[in-house]
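For the sequence shown, counting from 1, position 47 maps to 46 in numbering that gives the first Met the number 0; every step adds exactly one. Notes to accompany the following structure.
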Amino acid sequence: MARLSGSTQPAGLGKTTTGLGGKGLGKSTAKRHRKILRDNINGITKGSIRRLARRGGVKRISATIYDEVRAALKDRLKLVPTHDTQHPND
């Protein structure tokens, strides 16, 4: 029987054969992936605001309008009910 590790203990009794590196981030116990919440309104890009304005017939757009549109959109989306939906009873 060939021995893979250089230890005198039988395999599985305390010593590992995977290396002796420090406990970095990858060596920790399994944790849930937590999503970092950011301000998602910045995902509305300048190009998407420009396309919406073009659809509305706007020819030229001021540089200051993008933040104003994002703020107005955020205020409008706060009015949309998210938890007031009804599910049918089985």
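In this text, a Cβ means the ideal position worked out from N, Cα and C, and glycines have one as well.
Continuous alpha helix (DSSP H) stretch holding residue i: start and end
| i | result |
| --- | --- |
| A71 | 64-78 |
| G46 | 45-54 |
Straight-line gap, residue i to residue j (C-alpha atoms, nearest Å)
| i | j | result |
| --- | --- | --- |
| E67 | D38 | 15 Å |
| R50 | G56 | 10 Å |
| K54 | V79 | What sits at residue 54 in the sequence shown is Arg, not Lys. For R54 and V79, the distance between alpha carbons rounds to 23 Å. |
| N41 | I60 | 18 Å |
| K58 | K34 | 39 Å |
| H32 | A71 | 32 Å |
CA nearest to the CA of residue i, picked from the options
| i | options | result |
| --- | --- | --- |
| A62 | I48, L72, K73, R75 | I48 |
| I43 | Y65, N88, D74 | Y65 |
Below-9 Å beta-carbon distance, residue i vs any chain D residue
| i | result |
| --- | --- |
| G42 | The chain inventory of the structure shown lacks chain D, comprising one protein chain alone. |
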